[in-house]
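In what follows, a structure is listed as structure tokens, so that the remarks can point back to it.
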Amino acid sequence: MAKRRIGILTSGGDCPGLNATIRGVAKACYDLMGDEKVEIIGITDGYHGLIHNECREMKPSEFSGILTQGGTILGTRRTPYKMMQVVEDDNIDKVAEMKQTYKSNKLDCLLTLGGNGTHKTANLLSEEGLNVIGLPKTIDNDIWGTSVTFGFHTAVDIGTEVVDRIHTTATSHSRVMVIEIMGNKAGWLTLYSGVAGGADIILIPEIPYNIDKVVSAVESRAKAGKQFSIVAVAEGAMDLAESKMKKKDRARIRAEQGYTTATARITKEIQDKTGFETRSVVPGHMLRGGSPSAYDRILATQFGARAARLILEEKYGYSVAKIGTEIGENRLSDVTMKTKFVPLDDKVVVAARDIGISFGD
Ligand code: F6P
Numbered sequence: 005m006a007k008r009r010i011g012i013l014t015s016g017g018d019c020p021g022l023n024a025t026i027r028g029v030a031k032a033c034y035d036l037m038g039d040e041k042v043e044i045i046g047i048t049d050g051y052h053g054l055i056h057n058e059c060r061e062m063k064p065s066e067f068s069g070i071l072t073q074g075g076t077i078l079g080t081r082r083t084p085y086k087m088m089q090v091v092e093d094d095n096i097d098k099v100a101e102m103k104q105t106y107k108s109n110k111l112d113c114l115l116t117l118g119g120n121g122t123h124k125t126a127n128l129l130s131e132e133g134l135n136v137i138g139l140p141k142t143i144d145n146d147i148w149g150t151s152v153t154f155g156f157h158t159a160v161d162i163g164t165e166v167v168d169r170i171h172t173t174a175t176s177h178s179r180v181m182v183i184e185i186m187g188n189k190a191g192w193l194t195l196y197s198g199v200a201g202g203a204d205i206i207l208i209p210e211i212p213y214n215i216d217k218v219v220s221a222v223e224s225r226a227k228a229g230k231q232f233s234i235v236a237v238a239e240g241a242m243d244l245a246e247s248k249m250k251k252k253d254r255a256r257i258r259a260e261q262g263y264t265t266a267t268a269r270i271t272k273e274i275q276d277k278t279g280f281e282t283r284s285v286v287p288g289h290m291l292r293g294g295s296p297s298a299y300d301r302i303l304a305t306q307f308g309a310r311a312a313r314l315i316l317e318e319k320y321g322y323s324v325a326k327i328g329t330e331i332g333e334n335r336l337s338d339v340t341m342k343t344k345f346v347p348l349d350d351k352v353v354v355a356a357r358d359i360g361i362s363f364g365d
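So the sequence shown is numbered by the working numbering: it starts at 5 and just counts up by one.
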């Protein structure tokens, strides 16, 4: 078997489990094919490095001691898919340059660790004839075809701790605390952190809210003697009227009203309508910081090992996935251009409703 030259990059937002996945791929490749038969080429800062030929051969020792390390040893950057086929002021044909980097480094395949945007470009490169394998990373858990992405459960643990800790201030001060949780257009992270942390109201993009229903949930709790409420709000949450608007119009109308986020508006509206002291909290990028959880270390290891098997079998044009309880793969062309949203009948949503959590609808 000739030596395989495997390019690897991490693209989009960082998240816990990237290094654990890189390690999983590398160790499984060395183990399955033999150290002398594998050359791993690390590409710096995602597709940016692929466009600009910023890459280097890595030593097996570089993949040790990184299981628990957050972020990515390769560096990452957002290189939007929608600009990939657009020649900008720098006059660079990005797709041609990426193909050239692949060719000049004599790569046999390219592994791309990333979210939806990363997968779109991975599919584009696959259609251009490169041997590409995707690995689904994101705290948003919104990649189609996989029941879970690595990074998600660590972020859920952090989000849960935020909701837990906010309870003390909420109860001591008899306040309504509104916590904004990342997740882009999907509500997975807010739903899971909210349920695990014991939020009273959970607002996610998939279930447009009515502020009067949110207010009445807060007031009902107060009538029942609970002088505080915790509201977990997904960054992409919207009310019924906003849900019918284009993103551009939604942003314009919010700006005209003096708000940039749903959280800011919800906080103000709850305070104005209930008279209860209301505060907002935004953990932001803390949700994707630090060491991966045990769950994510295991998932990353499974995903990395699966990718190594695909390389061994020369099965390209796929994205590794968790399908049911099994680790498998989906065609890249099947997973791109889609988003995995929280279904309205999701079992966690149903259980949350059954215990009295309000979704503001
Ligand atoms: O996709 C991961 C994510 O953290 C989203 O939840 C969030 O909307 C976005 O990235 C934030 O991006 P950035 O780090 O570029 O501000």
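All residues carry an ideal CB built from backbone N, CA and C; glycine is no exception.
For the ligand F6P, is there a heavy atom less than 7 Å away from the beta-carbon of N188?
-> Answer for N188: yes, Cβ within range of the ligand F6P.
Can you have a look at E246 and say buried or exposed, based on whether 16 or more other CB atoms are within 10 angstroms of its CB?
-> Flag for E246 reads buried.
Shortest alpha-carbon distance to T329 belongs to which of V167, V180, G149?
-> The option with the nearest alpha carbon to T329 is G149.
At which residues does the alpha helix (DSSP H) containing A190 begin and terminate?
-> Here A190 belongs to no alpha helix (DSSP H), and DSSP marks it neither H nor E.
Return the CA-CA distance between K7 and R27, expressed in angstroms with no decimal places.
-> When only Cα atoms are considered, K7 and R27 end up about 19 Å apart.
Spatial distance of A356 from V235 (CA atoms) = Between the alpha carbons of A356 and V235 lies a distance of about 13 Å.
What do you reckon, is the C-beta of G74 under 7 Å from a heavy atom of the ligand F6P?
-> G74: no, Cβ never under 7 Å from the ligand F6P.
For E239, is the beta carbon positioned less than 7 Å from some heavy atom of the ligand F6P?
-> For E239, the shortest separation between its Cβ and any heavy atom of the ligand F6P lies below 7 Å.
Determine the direct distance from the alpha carbon of E165 to that of I375, and round the result to whole angstroms.
-> With the chain running from 5 to 365 in the structure shown, residue 375 is simply not present.
Using a threshold of 7 Å, is the CB atom of D144 nearer than that to any non-hydrogen atom of the ligand F6P?
-> For the ligand F6P, at least one heavy atom lies less than 7 Å from the Cβ of D144.
Does the beta-carbon distance from G11 to Y106 come in below 8 Å?
-> Yes. Within cutoff.
Taking C19 and I143 to be in contact with their CB atoms under 8 Å, please state how far apart those CB atoms are, rounded to whole angstroms.
-> Rounded, the Cβ-Cβ distance is 5 Å, consistent with contact.
Cβ-based neighbour list, G187, same chain, cut-off 7 Å, excluding 5 preceding and 5 following = Excluding its 5 nearest sequence neighbours in each direction, G187 has C-beta neighbours in its own chain below 7 Å: D144, L193, T194, A238, E239, G240, listed in chain order.
At what residues does the alpha helix (DSSP H) containing K326 begin and finish?
-> Run containing K326: none in the alpha helix (DSSP H); it sits in the beta strand (DSSP E), 322-327.
Cβ atoms of A312 and C33: under 8 Å apart, would you say?
-> The answer is yes: Cβ separation under 8 Å.
Run through DSSP, which three-state label would I170 get?
-> Helix.
For Q261, which residues from the same chain have a beta carbon less than 8 Å from its beta carbon, with the 5 sequence-adjacent residues on both sides left out?
-> For Q261, same chain residues with a beta-carbon under 8 Å away, outside a window of 5 residues either side, are R269 in chain order.
Leaving aside the five residues before and after V152 along the sequence, list all residues of the same chain whose C-beta is less than 7 Å from its C-beta, in chain order.
-> Excluding residues within five positions, the ones whose Cβ falls inside 7 Å are N145, L303, K326.
Terminal residues of the continuous alpha helix (DSSP H) containing A304?
-> Here the alpha helix (DSSP H) through A304 covers 298-317.
Which stretch, first to last residue, makes up the beta strand (DSSP E) that contains V286?
-> Element bounds for V286: n/a, residue is neither H nor E.
Among G119, I257, I331, K63, which residue has its Cα nearest to the Cα of R81?
-> Of G119, I257, I331, K63, the residue nearest in Cα terms is G119.
C-alpha distance - N23 paired with T72, whole-angstrom precision = Per the coordinates, the alpha-carbon of N23 lies some 8 Å from the alpha-carbon of T72.
Heavy atom of the ligand F6P less than 7 Å from the Cβ of A81, yes or no?
-> Looking at the sequence provided, one finds Arg at residue 81 rather than Ala. Not one heavy atom of the ligand F6P is found less than 7 Å from the C-beta of R81.
Give the DSSP-derived three-state secondary structure of C33 in the structure shown.
-> DSSP, reduced to helix, strand and coil, places C33 within a helical segment of the structure shown.
Keeping to the same chain, check which residues put their C-beta closer than 8 Å to that of Y299; ignore five residues upstream and five downstream.
-> These residues qualify, in order along the chain: H157, T158.
Using three-state DSSP, classify M249 as helix, strand or coil.
-> Coil.
Indicate the three-state DSSP secondary structure (helix, strand or coil) for M1 in the structure shown.
-> No answer is possible for residue 1: it lies beyond the span of the chain, which begins at 5 and ends at 365.
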